Amino acid sequence: MKSFREFLNEQPIVLFDGAMGTELLNRGYNKDFPLEWANISNPDLVKNIHSDYILAGSQCIETNTFGANECRLKLYGFEGQVEEINRSAVKIAKEVAKERAYVVGSVGTLGKPVGSGFEIDDKRAKEVYKKQLYFLLDEGVDAILFETAASTHEVLIAIEALKELDGKIPYIVQFSFTKELTTIYGEDIYKVMEFLKGIDADIVGLNCGNGPHQTLEALKIFSQHLKGPFSVQPNAGYPQLVQGRLVYSTCASYFASFVDEYVKYGAKIIGGCCGTTPDHIKAIKERVKTISKSVEIEVVERKEEQKSILKDTPSELSQKLGKKFVFTVEISPPKGIELEKTKEGVKLLKEAGADTVNIADSPMARVRISPIALAHILKEELGVEAILHFTCRDRNLISLQSELLGAAALGVKNVLALTGDPPSIGDHPQAKPVFDVNSEGLVLILNKLNNGTDYMGNPIGKATNFTIGVALNLNADDLDKEIEKLKRKIENGAHFIETQPIYEVESLERFFEKVDFKLPPILGGILPLRSSRHAEFLHNEVPGITIPDKIRERMKNSKDPVKEGIEIACEIVDRIKRMVSGIYIMPPFEKYEMAAEIIKRFRD
């Protein structure tokens with residue numbers, strides 16, 4: 001056989017196969033296991049599907065490896081089977097193909113967002129892609145197909161991984177779009193096309209996501225902005241759930257009726273994705289025999305994007321940071337909707353001279369009222385601005401951005417970006433964590449919203465104007481690592497820092513000695529001690545808090561421990577006030593009067 005690239009260049013139209021996953025399920029494969037595990041558990045079933053596609057007319061078959069990477073297989077506990085699954089897939093396909101068809105290595109996405117601040121960072125993503133690609137290449141696939149792509153950033157990493165292993169093998173890149181012509185991560189079709197212009201793929205195109213009609217609309221746009229030829233592999237329409245199984249109802253004849261138009265707009269590779277069967281491929285083959293290649297390209301104009309970006313007004317806190325010594329106090333959001341006690345506490349703090357309050361986000365993973373709602377109420381009813389604690393624990397990438405936009409619309413503009421405590425330590429240990437991003441990624445999202453786009457770069461109209469805070473643990477076991485993490489947060493757009501409780505001024509001094517980059521305003525953390533037992537608990541049981549022996553001894557010997565705790569807190573504030581831009585007070589057990597007393601000492 002000729003090389004795949006030679007064959008591709010010579011043929012006017014190349015027929016690929018259809019779906020593997022839905023065919024496996026249609027033929028009885030157990031959906032409780034990864035589809036790719038069929039290569040091991042039922043290789044004859046995979047062989048039969050490959051064989052049926054070749055008999056239907058497929059000139060190229062794709063290996064059953066779309067999700068055969070560590071990240072996707074880990075969801076089923078099969079992450080240790082990457083080599084076995086991928087090698088078996090290629091061997092099965094090659095055994096069936098022989099001299100009748102080319103074998104293309106299918107490589108899907110990792111299933112989660114990729115990048116700085118996400119669970120899967122760039123380095124990890126490349127490692128995962130490289131591992132899968134190595135086994136596909138080592139078994140001798142004729143080409144690689146990166147399919148159902150949703151992120152240009154992730155595709156670039158996958159291509160880099162391929163190039164490091166084999167810079168000469170042919171490869172194809174296919175993106176998947178929604179009805180709105182964006183990827184599932186929100187990248188619009190025009191951004192994707194700009195990316196595709198910069199890579200050297202043998203073929204680029206479209207697959208999955210839509211049925212044949214919507215895929216044609218996307219192909220028309222491709223044909224006006226990219227140099228073809230293209231690959232097209234639509235779904236068999238849109239699925240419906242029937243007895244717990246997704247069923248695609250688009251018949252083979254209707255599916256094949258679009259072939260003429262696909263070729264008209266530059267398609268060279270034609271096949272199918274989810275829901276398509278050997279019957280669909282057979283119908284395409286029959287249609288290809290009759291089509292004419294004379295075309296008159298239809299012009300699809302792109303709408304001009306708005307050039308000027310409107311920006312929301314800044315928060316009061318942003319106007320004070322670095323210019324005025326500020327005080328903020330953490331308040332505990334109530335478990336229910338009774339807010340009077342909380343309001344009384346906030347009134348007390350306002351009268352004492354607090355600039356803002358911090359509102360925790362279901363701290364310790366225990367259910368509390370929404371901090372966004374509470375922040376809005378306090379601003380509207382009491383005129384007190386809040387710093388919203390916002391965690392990644394409970395929200396996926398879509399929800400994170402949606403809730404932040406909602407907060408901005410409600411006038412909540414100060415956000416402390418936190419990763420969040422795991423649900424396992426809270427009052428709902430069975431709850432499933434999300435953690436699409438960590439605190440670094442959340443800062444990046446906030447910064448992008450401030451620049452008028454969502455995470456994927458799509459315009460949001462009026463830009464937000466969040467003042468972005470981040471946390472710092474001065475007593476981290478590895479302070480150098482903590483500082484590196486802080487540096488990345490600042491590079492991502494952080495505006496201020498709030499530290500964990502300080503009991504040793506030396507910890508702050510050590511931090512400044514190690515830092516070699518410019519810092520935004522720092523608010524030093526103060527947690528007033530309420531009793532000797534409280535001090536011992538914090539010192540011995542709470543990670544990140546170290547209380548010197550002399551302070552614990554003072555609390556133990558004091559006849560009025562609450563007063564002593566306030567005195568100790570004021571002494572620490574007095575020693576660090578020239579080193580920081582403000583103080584972040586964490587009163588114990590909602591003892592807001594302790595925080596008020598500390599603030600009054602320095603406001604008077």
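Counting from 1, position 254 in the sequence shown corresponds to residue 254 in full-length UniProt numbering; the numbering is continuous, with no gaps.
By construction, the Cβ of each residue, glycine as well, lies at the ideal position given by its N, Cα and C atoms.
This structure is a prediction, so every number in the text was calculated from the model and none was measured.
Outcome for residue i when other beta-carbon atoms lying within 10 angstroms are tallied against a minimum of 16
i: His280; result: buried
i: Val580; result: buried
i: Met20; result: buried
i: Asn30; result: exposed
i: Ser41; result: exposed
i: Phe4; result: buried
i: Asn235; result: buried
i: Asp361; result: buried
i: Glu381; result: exposed
i: residue 626; result: Since the first and last residues shown for the chain are 1 and 604, residue 626 lies out of range.
i: Ser439; result: buried
i: Glu261; result: buried
i: Pro314; result: exposed
i: Gly493; result: buried
i: Asn9; result: exposed
i: Val443; result: buried
Three-way DSSP call (helix, strand, coil) for residue i in this model
i: Ser362; result: coil
i: Gly167; result: coil
i: Glu6; result: helix
i: Ile331; result: strand
i: Glu36; result: helix
i: Tyr262; result: helix
i: Leu321; result: coil
i: His389; result: strand
i: Asp188; result: strand
i: Ile522; result: strand
i: Glu147; result: strand
i: Tyr53; result: helix
i: Phe435; result: coil
i: Glu498; result: strand
i: Glu351; result: helix
i: Phe517; result: coil
i: Ala417; result: strand
i: Cys88; result: Reading the sequence as shown, one finds Ser at residue 88 and not Cys. Reduced to three states, the DSSP call for Ser88 is helix.
i: Ala68; result: coil
i: Ser507; result: helix
i: Leu75; result: coil
i: Ala267; result: strand
i: Asn465; result: coil
i: Phe177; result: coil
i: Ser294; result: Low per-residue confidence applies at Ser294: pLDDT is 46, beneath 50, and the placement is therefore not dependable enough to give any value.
i: Arg302; result: Bear in mind that a pLDDT of 49 at Arg302, under 50, signals an unreliable position, so the number given afterwards is only what the model happens to contain. Looking at Arg302 - three-state DSSP - the assignment turns out to be coil, as it is neither helix nor strand.
i: Tyr134; result: helix
i: Leu15; result: strand
i: Gln233; result: strand
Residue i beta carbon near the ligand ATP (any heavy atom closer than 7 angstroms)
i: Ala68; result: No copy of the ligand ATP appears in this structure; indeed no ligand is present at all.
Sequence-distant residues of the same chain with beta carbon closer than 8 angstroms to residue i, five excluded per side
i: Asp312; result: Ala408, Lys413, Lys462, Ala463, Thr464, Asn465
i: Glu536; result: Arg552
i: Asp121; result: Val114, Gly115
i: Ala38; result: Leu24, Tyr29, Leu45, Val46, Asn64
Whole-Å CB distance - residue i paired with residue j, under 8 angstroms assumed
i: Lys191; j: Thr152; result: 7 angstroms
i: Glu564; j: Arg554; result: 6 angstroms
i: Tyr102; j: Gln132; result: Rounded, the Cβ-Cβ distance is 19 angstroms, inconsistent with contact.
i: Gly406; j: Ile372; result: 7 angstroms
i: Pro561; j: Ser531; result: 5 angstroms
i: Leu196; j: Leu156; result: The pair is not a contact, with the Cβ atoms about 11 angstroms apart (cut-off 8 angstroms).
i: Glu385; j: Thr356; result: 5 angstroms
i: Gly275; j: Gln233; result: Contact doesn't hold; Cβ gap of about 11 angstroms is too wide.
i: Thr328; j: Ile387; result: 6 angstroms
i: Ile291; j: Ala256; result: Not quite, the Cβ-Cβ distance comes to about 10 angstroms (not below 8 angstroms), so this is no contact.
Sequence-distant residues of the same chain with beta carbon closer than 6 angstroms to residue i, five excluded per side
i: Ile369; result: Pro333, Pro334
i: Phe496; result: Leu321, Gly469, Pro520, Pro521
i: Val437; result: Gly117, Phe118, Cys392
i: Pro170; result: Phe4, Arg5, Ala143, Asp202
i: Gly524; result: Thr499, Ile502, Ile576, Val580, Ile583
Residues near residue i in its chain [Cβ-Cβ closer than 7 angstroms; skip 5 each side]
i: Ser558; result: Glu564
i: Thr109; result: Thr148, Ala149, Ala150, Glu154
Legend entry - Contact the region 169-187 vs the region 133-150: 3+ CB pairs below 8 angstroms: In this structure the region 169-187 touches the region 133-150; the number of beta carbon pairs closer than 8 angstroms is three or more.
Inset, instruction - Decide yes or no for the touch test of the region 52-68 against the region 87-95: beta carbon pairs closer than 8 angstroms, at least 3 of them. - result: Because the criterion of three Cβ pairs below 8 angstroms is met, the region 52-68 and the region 87-95 touch.
Inset, instruction - Take every Cβ of the region 132-141, pair it with every Cβ of the region 154-168, and state whether three or more of those distances are shorter than 8 angstroms. - result: Touching, yes, given that three or more Cβ pairs across the two stretches are closer than 8 angstroms.
Inset, instruction - Would you be able to state if there are at least three C-beta pairs under 8 angstroms between the region 411-428 and the region 386-401? - result: Output reads yes: the region 411-428 touches the region 386-401.
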